[in-house]
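The sequence shown begins at 13 in this note's numbering and counts up by one.
The beta-carbon is built from N, C-alpha and C at its ideal position, and this holds for glycine as well.
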Amino acid sequence: MRTLWPSGCALLFAGALFGALYAQRPFREYPSVEYGESIPLPPDWQRQAEWTFARLMFPPGPLDGYRGRFDGDWRLGLSLWTQDYPRADRAFAQAVRRLTRVDARSVEEPVNLDDGDEVYNWPWLYAVQVGEWGLTEQQAKKLRDYLLRGGFFMADDFHGSQEQAYFEKTMKMVFPDRPIVDIPNNDEIFHTLFDLDNRYRITGAEHLDTGYKKDGKVARWEAIYDDKGRVMVAISLNSDIGDSWEWSDTPSYPLKFSDLGMRIGVNYVVYAMTH
């Protein structure tokens, strides 16, 4: 089984080694619940890079809002994990290219924890709507191993007390002995590239009229840490960072949300590649 590069490396050194050591599998694209037709591929979609937006594939859970609408095989797309996909992934990858020296691939990579050792190829992993996912015991075990080997997981877009309780229950399968805690303002993850002391709730495009979803009025920035104080899981409760990427070039979507969402995401990528 592959081992991720240990934390604490300089960004350029770590990035170069990731690009050299981990053979990236061919690009795969799946049908999305939001987009009936494929989004045009960028011209350089076949070029490999040191960092790729790795999107976690997962089965539906009991709170999945798409139950009854999309009941096919979640491993083939048209499932909750494809929310915001692939537009958010590619818009954010472009931001990483513009705002950092990280060599970012222009297209994303869907990653299935049940797919052998595939997850170990990607040092940064993202999942959307984790308050509705159906993470299995086997997948939780694989995710735990991935994180303890140096991986980084960004858990985004879940809202309200019910989804919060369900997400916390599923994360107990991953780390029964590690608590979810608030990230302090002075943590390095908020200061890798941008200083992000002034954070606020990032509202999704469908909830701009109320400003929040369900009873999730207060944004929480949380984490699960390893024994050395490294953030393994970065959690954005009651914010929809994926939407801030997806609609970043849409005039009707507030710039303040995309601005903060991009900065948070970039900080998390730089942190993941250097810790």
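{"Check": "So what's D169 in DSSP terms, helix, strand or just coil?", "Outcome": "strand"}
{"Check": "I'd like the list of long-range same chain contacts for V142, defined as Cβ closer than 6 angstroms, with 5 residues on each side in sequence excluded.", "Outcome": "A167, F170 and F179"}
{"Check": "Distance, Cα to Cα, D194 vs M244?", "Outcome": "13 angstroms"}
{"Check": "Whole angstroms are fine: how far does the CA of R102 sit from the CA of P55?", "Outcome": "12 angstroms"}
{"Check": "What residues are listed by DSSP as bridge partners for P72?", "Outcome": "W145"}
{"Check": "Assign L249 to one of three DSSP states: helix, strand, or coil.", "Outcome": "strand"}
{"Check": "At the level of alpha carbons, what is the spacing between A107 and R81?", "Outcome": "33 angstroms"}
{"Check": "Looking only at C-alpha atoms, which of R79, V230 and L155 sits nearest to I236?", "Outcome": "L155"}
{"Check": "By Cβ distance below 6 angstroms, which residues in the same chain neighbour L33 in space, the five residues on each side in sequence not counted?", "Outcome": "Any reading at L33 must be qualified, since the residue scores a pLDDT of 38, below 50, and its modelled position is unreliable; no value is offered."}
{"Check": "Helix, strand or coil for D85 per DSSP?", "Outcome": "coil"}
{"Check": "Tell me G163's beta-bridge partners as DSSP assigns them.", "Outcome": "BP columns for G163 are empty, so no partner."}
{"Check": "Name the two residues that bound the continuous alpha helix (DSSP H) containing I276.", "Outcome": "L267 to T286"}
{"Check": "To the nearest angstrom, report how far apart G84 and S91 are at their CA atoms.", "Outcome": "8 angstroms"}
{"Check": "Thinking C-beta only, is M183 closer than 8 angstroms to E149?", "Outcome": "no"}
{"Check": "For the alpha helix (DSSP H) that R102 lies in, which residues bound it at each end?", "Outcome": "R99 to L111"}
{"Check": "Please name the residue or residues paired with V312 in a DSSP beta bridge.", "Outcome": "Residue 312 falls outside the range modelled here, since the chain spans only 13 to 287, and no answer is possible."}
{"Check": "Work out the CA separation of S44 and P188 for me, nearest whole Å.", "Outcome": "33 angstroms"}
{"Check": "Rounding to the nearest angstrom, what Cα-Cα distance links G162 and S270 in this structure?", "Outcome": "28 angstroms"}
{"Check": "Please classify A66 as buried or exposed, where buried requires at least 16 neighbouring CB atoms within 10 angstroms.", "Outcome": "buried"}
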